[in-house]
Amino acid sequence: MRLRFAPSPTGSLHVGSARTAIMNQLVSVANNGTLILRIEDTDVSRSTEESTNAILSTLKWLGVSYGEGPFFQSSREKLYSKYIKKLISEGKAYCCFCTQEELEEMRTKQLHKHISTGYDGRCSKLSQEEVAEKISQNLPYVVRLKIPPEKLMFNDLIKGIVEFDGKLLHDIIILRSNGSPTYNLAVVVDDHEMNISHVIRGEDHVSNTPKQIAIYNALGLEAPIFAHIPLIIGADRSKLSKRHCDTAIEDYQKKGFLPEALVNYFSLLGYSHDANNEIMTLENIAKTFSFSSISKSPSMFDLKKLTWMNNQYIRMLSDKELYDKAKSFCKDIPLEEKKIKKILLLSKDQLKVLSDIKEICAPFCSYKIDWDQKKVVKLLKKERILDFLKEFIEKLEILQDFSLNSLEILFDTQLGLDSIKKRDAAQIIRFASTGKLISPPLFDTLYLLGQQEIIIRMNQFLQEVPCQEKMY
RNA sequence: GGCGCCAUAGAACAGCGGUUAGUUCGGGGGGCUCUCAAUCCCCAGACAGGAGUUCAACUCUCCUUGGCGCUACCA
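Number 477 marks the last residue of the first sequence (the working numbering); no jumps.
(1) Does Lys244 come out as helix, strand or coil in the three-state DSSP assignment?
(2) Sort out for me which residues DSSP pairs Lys156 with in a bridge.
(3) DSSP on Ser371, reduced to helix/strand/coil?
(4) Return helix, strand or coil for Met305, following the three-state DSSP convention.
(5) So, for Phe169: in the same chain, excluding its five sequence neighbours on each side, which residues have a beta-carbon less than 6 Å away from its beta-carbon?
(6) Pull up the distance between the alpha-carbon of Ile220 and that of Asn281, whole angstroms please.
(7) Run through DSSP, which three-state label would Glu73 get?
(8) Taking Ile234 as part of the alpha helix (DSSP H), name the residues at either end of that continuous run.
(9) Mark Gln217 as exposed unless 16 or more other C-beta atoms lie within 10 angstroms of its C-beta, in which case mark it buried.
(10) Using alpha carbons as the reference points, say which of Trp376, His249, His233 lies closest to Ala240.
(11) Sorted by chain position, which residues of the same chain lie with C-beta nearer than 8 Å to Asn189's C-beta, five sequence neighbours on each side aside?
(12) Can you tell me the Cα-Cα spacing of Asp392 and Tyr328, whole angstroms?
(13) With a threshold of 8 Å, are at least 3 pairs of Cβ atoms found where one atom belongs to the stretch 431-449 and the other to the stretch 349-368?
(14) Could you give the first and the last residue of the continuous beta strand (DSSP E) run that contains His19?
(15) What residue range is occupied by the uninterrupted alpha helix (DSSP H) comprising Tyr99?
(16) Give every residue of the same chain whose Cβ lies closer than 6 Å to the Cβ of Thr312, excluding the five residues on either side of it in the sequence, and list them in chain order.
(17) When the Cβ atoms of the stretch 281-291 are set against those of the stretch 25-36, are three or more pairs found closer than 8 Å?
(18) Under the rule that 16 or more other beta-carbon atoms within 10 Å means buried, what is Asn29, buried or exposed?
(19) Can you give me the Cβ contacts of Arg435 inside the same chain, cut-off strictly under 6 Å, excluding the 5 residues immediately before and after it?
(20) Around the C-beta of His119, are 16 or more other C-beta atoms found within 10 angstroms, so that it is buried, or is it exposed?
(21) If you run the structure through DSSP and keep just helix, strand and coil, what is Ile179?
(22) Do Ala223 and Phe159 come within 9 Å of each other at the CB atom, strictly closer than that value?
(23) In three-state terms, what does DSSP make of Ile117?
(24) Suppose you measure from the CA of Arg389 to the CA of Leu409; what does that come to, to the nearest Å?
(25) With a threshold of 16 other CB atoms inside 10 Å of the CB of Arg127, please say whether the residue is buried or exposed.
(26) Excluding the 5 residues preceding and the 5 following Lys292 in the sequence, name in chain order all residues of the same chain whose CB lies nearer than 6 Å to its CB.
(27) In this structure, how does DSSP classify Asp161 when only helix, strand and coil are distinguished?
(28) Are there 16 or more other CB atoms within 10 angstroms of the CB of Met321, so buried, or fewer, so exposed?
(29) Closest by CA to Ile254, which one among Gly21, Pro12, Thr439, Gln405?
(30) Assign Ile403 to one of three DSSP states: helix, strand, or coil.
(31) Beta-carbon separation of Val194 and Tyr85 under 9 Å?
(32) When you compare only the Cα positions, how much space is there between His479 and Ile44?
(33) Can you give the beta carbon distance from Lys400 to Gln419, rounded, assuming they're within the 8 Å contact cut?
(34) Where Arg181 and Tyr124 are concerned, what is the direct C-alpha to C-alpha distance, given to the nearest angstrom?
(35) Which of the three DSSP states, helix, strand or coil, is assigned to Ile205?
(36) Out of Glu155, Met463, Lys97, which has the shortest C-alpha to C-alpha gap to Gly171?
Shown next, in the form of structure tokens:
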């Protein structure tokens, strides 16, 4: 089995393209096939080298590996023109000199008549002399393929038999007036030259398929097997766009999603899987892969589920792996490396994405705490809660050996003297010393902040509370 | 306008002619825990509509409706 992934370098790798790439990888692994990477850059005006590099590095990061390539269509133009010349000489394609205005007029008329829009084939009636004459006049022209008025069908591995009527297809352009081949022509030539057996691509290509089959037919070549995977859609069921969420895989990389989670999520999205165990490697999914398990309807991108899955993968990381992967997200944190590492490991389970580490470290960095008292309205209503805090601070001030252990003993002792719930006691201390209701385990947090610092913070907190208290 | 594809809870999937229509994420509630997370328990929530076929239809057929894709000298 020979497969290909063929992105066009007009931007960074999009979520939808990534899914296609992952599906190709999945099928390739499942069938011991070869995946070929081909950069579809026939449109010079939109393709950039920067995009190519971005796509290549993102694919690498994702772990999508290809056995051959990358090949660039822009460097294969001679090949395409060979095929185009063949089609012209056999009378299966012809030069078209119609202007933009003519084409537009044609279209409006068709729209008016409520019939399908497209070229009416008028230039195919030009005689050889007329064509030669126009060319000698240096008139710009494109080359169009004659599409015979017959049924064009293919058996899609996902959709089943799909049939189109050639009569409604119209003669498509295969060579632009600037001399470059169009997508449909280049795809057919390359898929044939590269011996591609299975074309797995997005559903947006379904309507291109009959056009490509027409080219295969004209060339006397056998078309590969097609599998069109349904598109990924946004929360409002429309095509996924920046309106909905980040659409570039790079964005997810920057936020601290793990490639394994992304690969897992996208290979199971729109795939009939065992819902009881969704955490699977691509290799495991490949073991039971079948095209019939791919859903026929589009799938909605669910960031919450991806995030959940990412957390699952983060907690599976070893301490060392976690630190290595999180390192790049810790650069801007004004703390010593050792401390960050400590906090990171303490909060491993609660990281949804690696970049969360910044927020978790915040209370350990800033000396200016903003106590948003709205968060503790309920807590402050608990009886003797502030007394407990005051007493805790007093004891803390005279504590000789500040350690994890002594802190805990001090806390428990004070708790024994007061009739306060442990959770309330812990929360008021947590809030007073960090300004947050969420933090790594309390005693670790206090210990890391240091005796002096927590005393200062908690006292500051107490100074701010009383005036606020009257509000409630 | 034309052509094509699709249709089970908010989301992703099960169900393949007879089920109290199931699982996972999400939502709500609760237990446990110093918080969050994790985990455990509980709750809400779906077969788009209409005709057929059949003893029986979420499941098969057709129609309608709705959604999406394509309709470029983009890919």
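For each residue, glycine too, the CB sits at the ideal point set by N, CA and C.
Once the coordinates are examined:
(1) Along the first sequence, read from residue 1 onward, the residue named residue 244 stands at position 239. DSSP places Lys244 in strand when its eight states are reduced to three.
(2) By one-based count along the first sequence, residue 156 stands at place 151. In the DSSP output, where bridge partners are listed per residue, Lys156 has Asp170.
(3) Within the first sequence, numbered from 1, the residue matching residue 371 stands at position 366. Three-state result, Ser371: coil.
(4) Taking the first residue of the first sequence as position 1, residue 305 is located at position 300. Three-state DSSP puts Met305 in a strand.
(5) Counting from 1 along the first sequence, the entry for residue 169 is found at position 164. Within the same chain, Phe169 has close Cβ partners Leu157, Pro215.
(6) Position 215 of the first sequence holds residue 220. Position 276 of the first sequence holds residue 281. For Ile220 and Asn281, the distance between alpha carbons rounds to 46 Å.
(7) Your numbering for residue 73 matches position 68 in the first sequence. It is a strand residue.
(8) Taking the first sequence and counting its residues from 1, the one referred to as residue 234 is at position 229. Residue range 230-234 is occupied by the beta strand (DSSP E) that includes Ile234, with no alpha helix (DSSP H) assigned at that position.
(9) Stepping through the first sequence from its first residue, residue 217 is reached at position 212. Buried, since its Cβ has 16 or more Cβ neighbours within 10 Å.
(10) Sequence index remark: in the first sequence, residue 240 carries index 235 (1-based). Checked all of Trp376, His249, His233; the closest Cα to Ala240 is His249.
(11) Indexing the first sequence from 1 puts residue 189 at position 184. Closer than 8 Å at the Cβ level, and outside the excluded window around Asn189, lie Ile177, Ile179, Asn213, Lys216, Gln217, Ile220.
(12) Within the first sequence, the letter at position 387 stands for residue 392. Within the first sequence, the letter at position 323 stands for residue 328. If I take the Cα positions, the gap works out to 40 Å.
(13) Yes: at least three Cβ pairs fall under 8 Å.
(14) The residue you call residue 19 lines up with position 14 of the first sequence. His19 -> no beta strand (DSSP E), and no H or E assigned at all.
(15) Residue numbering aside, residue 99 sits at position 94 when the first sequence is read from its first letter. Per DSSP, Tyr99 belongs to no alpha helix (DSSP H); it is in the beta strand (DSSP E), 98-101.
(16) Locating residue 312 in the first sequence gives position 307, where the first residue counts as 1. Within the same chain, Thr312 has close Cβ partners Lys357.
(17) yes
(18) Taking the first sequence and counting its residues from 1, one reaches residue 29 at position 24. Buried.
(19) Counted from its first residue, the first sequence places residue 435 at position 430. Taking C-beta separations shorter than 6 Å and ignoring five residues to either side along the sequence, the partners of Arg435 in its chain run Ser444, Leu447, following chain order.
(20) By 1-based counting over the first sequence, the position of residue 119 is 114. Looking at its Cβ environment, which holds fewer than 16 other Cβ atoms inside 10 Å, His119 is exposed.
(21) By one-based count along the first sequence, residue 179 stands at place 174. Note: Ile179 maps to strand in three-state DSSP.
(22) By 1-based counting over the first sequence, the position of residue 159 is 154. By 1-based counting over the first sequence, the position of residue 223 is 218. Judged by beta-carbon spacing, Ala223 lies beyond the 9 Å limit of Phe159, meaning their Cβ atoms are not closer than that value.
(23) Counted from its first residue, the first sequence places residue 117 at position 112. In the sequence as presented, Ile is not what sits at residue 117; that position holds His. Reduced to three states, the DSSP call for His117 is helix.
(24) As a first step, residue 389 is located in the first sequence; it is residue number 384 there, counting from the start. As a first step, residue 409 is located in the first sequence; it is residue number 404 there, counting from the start. Going by the C-alpha atoms only, they are around 25 Å apart.
(25) Taking the first sequence and counting its residues from 1, the one referred to as residue 127 is at position 122. That one is exposed.
(26) Sequence index remark: in the first sequence, residue 292 carries index 287 (1-based). Excluding positions up to five away in sequence, the list is empty.
(27) Here residue 161 is taken as the residue at index 156 of the first sequence, counted from 1. DSSP places Asp161 in strand when its eight states are reduced to three.
(28) Working through the first sequence from its first residue, we reach residue 321 at position 316. It counts as exposed.
(29) Taking the first residue of the first sequence as 1, we reach residue 254 at position 249. Closest by alpha carbon: Gly21.
(30) Sequence index remark: in the first sequence, residue 403 carries index 398 (1-based). Correct three-state label for Ile403: coil.
(31) As a first step, residue 194 must be located in the first sequence, where it is residue number 189. As a first step, residue 85 must be located in the first sequence, where it is residue number 80. The beta carbons of Val194 and Tyr85 sit closer together than 9 Å.
(32) In the structure as shown, the chain begins at 6 and stops at 477. Residue 479 is therefore absent and cannot be evaluated.
(33) Position 395 of the first sequence holds residue 400. Position 414 of the first sequence holds residue 419. Contact flag correct, Cβ pair sits at about 6 Å.
(34) Counting from one through the first sequence, the residue named residue 181 turns up at place 176. Counting from one through the first sequence, the residue named residue 124 turns up at place 119. Looking at the two C-alpha atoms, the distance is approximately 15 Å.
(35) For this step, residue 205 is matched to residue 200 along the first sequence. Note: Ile205 maps to strand in three-state DSSP.
(36) The residue given as residue 171 occupies position 166 in the first sequence. The shortest C-alpha separation from Gly171 is found at Glu155.
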